[in-house]
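Below is one structure, written out as structure tokens; the observations come after it.
2 protein chains.
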Amino acid sequence: MEGAGEIWAYERQTPNLTIGLRVKEVLRHERSPYQELLVVDTVEFGRVLFLDDCIMFTEKDEFFYHEMITHVPLCAHPDPRSVLIVGGGDGGTLREVLKHRTVQRAVLCDIDERVTQATRDFFPTLATGLDDPRTEIRHEDAIPYTASQTGSFDVIIVDSTDPVGPAQGLFEEPFYRSLKEALRPGGIVVVQAESPLVFRNIVQRVVQGLRAVFPATSAYLGPTPTYPGGLWTYGAGLMEGDLMPRRHPRLETKYYTPAIHEAALLMPPFMDNLFR
Amino acid sequence: MEGAGEIWAYERQTPNLTIGLRVKEVLRHERSPYQELLVVDTVEFGRVLFLDDCIMFTEKDEFFYHEMITHVPLCAHPDPRSVLIVGGGDGGTLREVLKHRTVQRAVLCDIDERVTQATRDFFPTLATGLDDPRTEIRHEDAIPYTASQTGSFDVIIVDSTDPVGPAQGLFEEPFYRSLKEALRPGGIVVVQAESPLVFRNIVQRVVQGLRAVFPATSAYLGPTPTYPGGLWTYGAGLMEGDLMPRRHPRLETKYYTPAIHEAALLMPPFMDNLFR
Numbered sequence: 226m227e228g229a230g231e232i233w234a235y236e237r238q239t240p241n242l243t244i245g246l247r248v249k250e251v252l253r254h255e256r257s258p259y260q261e262l263l264v265v266d267t268v269e270f271g272r273v274l275f276l277d278d279c280i281m282f283t284e285k286d287e288f289f290y291h292e293m294i295t296h297v298p299l300c301a302h303p304d305p306r307s308v309l310i311v312g313g314g315d316g317g318t319l320r321e322v323l324k325h326r327t328v329q330r331a332v333l334c335d336i337d338e339r340v341t342q343a344t345r346d347f348f349p350t351l352a353t354g355l356d357d358p359r360t361e362i363r364h365e366d367a368i369p370y371t372a373s374q375t376g377s378f379d380v381i382i383v384d385s386t387d388p389v390g391p392a393q394g395l396f397e398e399p400f401y402r403s404l405k406e407a408l409r410p411g412g413i414v415v416v417q418a419e420s421p422l423v424f425r426n427i428v429q430r431v432v433q434g435l436r437a438v439f440p441a442t443s444a445y446l447g448p449t450p451t452y453p454g455g456l457w458t459y460g461a462g463l464m465e466g467d468l469m470p471r472r473h474p475r476l477e478t479k480y481y482t483p484a485i486h487e488a489a490l491l492m493p494p495f496m497d498n499l500f501r
Numbered sequence: 226m227e228g229a230g231e232i233w234a235y236e237r238q239t240p241n242l243t244i245g246l247r248v249k250e251v252l253r254h255e256r257s258p259y260q261e262l263l264v265v266d267t268v269e270f271g272r273v274l275f276l277d278d279c280i281m282f283t284e285k286d287e288f289f290y291h292e293m294i295t296h297v298p299l300c301a302h303p304d305p306r307s308v309l310i311v312g313g314g315d316g317g318t319l320r321e322v323l324k325h326r327t328v329q330r331a332v333l334c335d336i337d338e339r340v341t342q343a344t345r346d347f348f349p350t351l352a353t354g355l356d357d358p359r360t361e362i363r364h365e366d367a368i369p370y371t372a373s374q375t376g377s378f379d380v381i382i383v384d385s386t387d388p389v390g391p392a393q394g395l396f397e398e399p400f401y402r403s404l405k406e407a408l409r410p411g412g413i414v415v416v417q418a419e420s421p422l423v424f425r426n427i428v429q430r431v432v433q434g435l436r437a438v439f440p441a442t443s444a445y446l447g448p449t450p451t452y453p454g455g456l457w458t459y460g461a462g463l464m465e466g467d468l469m470p471r472r473h474p475r476l477e478t479k480y481y482t483p484a485i486h487e488a489a490l491l492m493p494p495f496m497d498n499l500f501r
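Going down the list, the protein sequences come from chains A and B. Using this note's numbering, the letters of the first sequence map in sequence onto residues 226 to 501. Using this note's numbering, the letters of the second sequence map in sequence onto residues 226 to 501.
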């Protein structure tokens, strides 16, 4: 298929679906204590981070995911001051969170220090928030950390890897209960909830788990060109209300706008079936 | 990468980006007079049609593309009676066009009869409109056909392959002029305009071509999980007005709704840059 002498990096997105990116250079390939970490420079999508053989982000399209997982909950909250990011050690979500001037404290809790180091070494455009005075980086297990933080956060963003390996517990109901307890009144939790097209069962499980725990829930969709199925679900648990934009701060973004925020909440007919 | 004894079908979506689908069975593989045609049954996406090594559609996700290329112009038009589909020999767009009761005549003009035959043989869910009494199928070159049809159509949908090979002329300004001449007053043309992420230059060329010819133009976006970049641009040329929904017919759809129609017209910041 590919030409002689070419280097390609593949993700087997499901057992039956593969994406391949032509590689200019392998920048790092190591086993951290938690996962296999690969940084490559690709022709089509710029530099790319793989964890356990899955694409976490590419420089070219990461803005879709990081903007949508961040600005929807932060603009739905009337006054987000304290934000927790679970996972997200690459710094992309943190960068977006810190665009909000209301935010006084942003805690990044990712168990794997090597992911953050990879950003420091290879992804300057994702590293901009790591040394911000509002940032607190904790390289520890988010499950006990979250359980210890009763009533601490206005918004919690679960920017995790897939529900296999280190992130498995982040998709389970006991963790959702901790998230709820860690919220301040009026708080909002958003979790990355996988592809509605190729991981229907995970989307359903997340939504059902959130529904079992939170007084109100919501979900929205956004494009993710290099994730399986090209379209991603974000699930939300709320203490009250909904995810409609309540604030319209001036944000420098490539995809997010208040109108796109509202549009992302529209559930197409095929998604309604998914939630039943 | 893949396991022993497995069959995979790949599309090299760009020289530097590949998608692979695991195949259960190869159903047809032939050279038509115009292109190479492959029909496979895949594990992840059901049956898939490839033309010249490019995925045209998969059973599982074709609804995104076919609904969006059809219902946006047909609902933006106040009374679409006569519709021309250029390309689209697979019948998917035709199926959607015929959901509109206003439509009295739907002409499908695709040069390659073998594509339509593949639908008849392997894709019953796309074939539903082929024998409709309102349908007129013409297996001929759409360029002279369109040039001969002055003032004939309310909506023209250019559901073409990529701008290499047989479809090249369908992306050029002389053809856009024929499209304009073939419209009735108040008519609308929509053309598939490729990926804003990996084919920026084609998107720009289409939009500039339409602008050079039509009194008004517009563009919108929709998800396309198995097309390169996961997100697709549709370009529109109009004799007047815009693409906002003017009719809200009851349509059985999986993705399209009037609210999603309006949302698709919102141009994210990164697209605005693309049009400048």
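Built from N, CA and C at the ideal position, the CB exists for glycine as well. A quick note: this is a predicted structure, and the numbers were derived from the prediction, not measured.
Residue i CB to nearest heavy atom of the ligand FAD below 7 Å
{"i": "B:G354", "result": "What this structure holds is no ligand at all, so the ligand FAD is not there to describe."}
Cβ of residue i within 8 Å of any chain B Cβ
{"i": "A:N241", "result": "yes"}
{"i": "A:P399", "result": "no"}
{"i": "A:Y459", "result": "no"}
{"i": "A:K324", "result": "no"}
{"i": "A:Y480", "result": "yes"}
{"i": "A:V510", "result": "Because chain A spans 226 through 501 in this model, residue 510 of chain A falls outside it and cannot be assessed."}
{"i": "A:F396", "result": "no"}
{"i": "A:W485", "result": "Position check: residue 485 of chain A holds Ile in this sequence, whereas Trp was assumed. At least one chain B Cβ lies under 8 Å of A:I485."}
{"i": "A:L422", "result": "yes"}
{"i": "A:P494", "result": "yes"}
Range of the contiguous alpha helix (DSSP H) that encloses residue i
{"i": "B:H486", "result": "483-489"}
{"i": "B:A301", "result": "287-301"}
{"i": "B:E321", "result": "317-322"}
{"i": "A:E476", "result": "Inspection of the sequence shows that residue 476 of chain A is occupied by Leu rather than by Glu. Where A:L476 is concerned, there is no enclosing alpha helix (DSSP H), given that its DSSP letter is neither H nor E."}
{"i": "B:D497", "result": "494-500"}
Beta-carbon spacing of residue i, residue j below 8 Å
{"i": "A:E231", "j": "A:R247", "result": "yes"}
{"i": "A:P448", "j": "A:F270", "result": "no"}
{"i": "B:P303", "j": "B:R471", "result": "yes"}
{"i": "B:K249", "j": "B:V268", "result": "yes"}
{"i": "B:L266", "j": "B:T451", "result": "Going by the sequence as given, residue 266 of chain B is Asp instead of Leu. No."}
{"i": "A:L468", "j": "A:W457", "result": "no"}
{"i": "A:A229", "j": "B:A488", "result": "no"}
{"i": "B:V416", "j": "B:V389", "result": "no"}
{"i": "A:L408", "j": "A:I381", "result": "yes"}
{"i": "B:I244", "j": "A:T243", "result": "yes"}
{"i": "B:A343", "j": "B:L435", "result": "no"}
{"i": "B:R359", "j": "B:R330", "result": "yes"}
{"i": "A:G411", "j": "A:E465", "result": "yes"}
{"i": "A:P493", "j": "B:K479", "result": "yes"}
{"i": "B:L395", "j": "B:V332", "result": "no"}
First and last residue of the uninterrupted beta strand (DSSP E) at residue i
{"i": "B:H254", "result": "242-256"}
{"i": "B:M281", "result": "279-283"}
{"i": "A:F275", "result": "271-276"}
{"i": "B:D266", "result": "261-267"}
{"i": "B:G313", "result": "Careful: B:G313 lies outside any beta strand (DSSP E) and carries neither H nor E."}
{"i": "B:R306", "result": "No beta strand (DSSP E) contains B:R306, which DSSP labels as neither H nor E."}
{"i": "B:E231", "result": "It is not in any beta strand (DSSP E) - B:E231 carries neither H nor E in the DSSP assignment."}
8 Å Cβ cutoff, residue i in contact with chain A
{"i": "B:I381", "result": "no"}
{"i": "B:T295", "result": "no"}
{"i": "B:L491", "result": "yes"}
{"i": "B:A488", "result": "yes"}
- [ ] Pull out every residue of the segment 267-291 of chain B whose Cβ sits closer than 9 Å to any Cβ of chain A, in chain order.
- [x] T267, V268, E269, F270, K285, D286, F288, F289
- [ ] Would you mind listing the alpha helix (DSSP H) stretches within the segment 326-407 of chain B that are 4+ residues and don't spill past its ends, in chain order?
- [x] Annotation note: the segment 326-407 of chain B contains the following uninterrupted alpha helix (DSSP H) runs of length 4 or greater, listed N- to C-terminal: 338-347, 367-372, 398-407.
- [ ] Could you run through the segment 243-256 of chain A and flag, in chain order, every residue whose CB is less than 8 Å away from some CB of chain B?
- [x] With the criterion set as a beta carbon lying under 8 Å from some beta carbon of chain B, the members of the segment 243-256 of chain A are T243, I244, G245, L246, R247, in sequence order.
Task: Every unbroken alpha helix (DSSP H) within the segment 394-468 of chain A, with a cutoff of 4 residues, ordered by chain - done: 398-407, 425-438
Task: Where the segment 426-458 of chain A meets chain B: residues whose CB sits under 9 Å from a CB there - done: L446, P448, T449, P450, T451, Y452, P453, G454, G455, L456
TODO: Select from the segment 335-349 of chain A all residues with a C-beta closer than 8 Å to any C-beta belonging to chain B, and list them in chain order.
DONE: The segment 335-349 of chain A vs chain B, Cβ under 8 Å: nothing.
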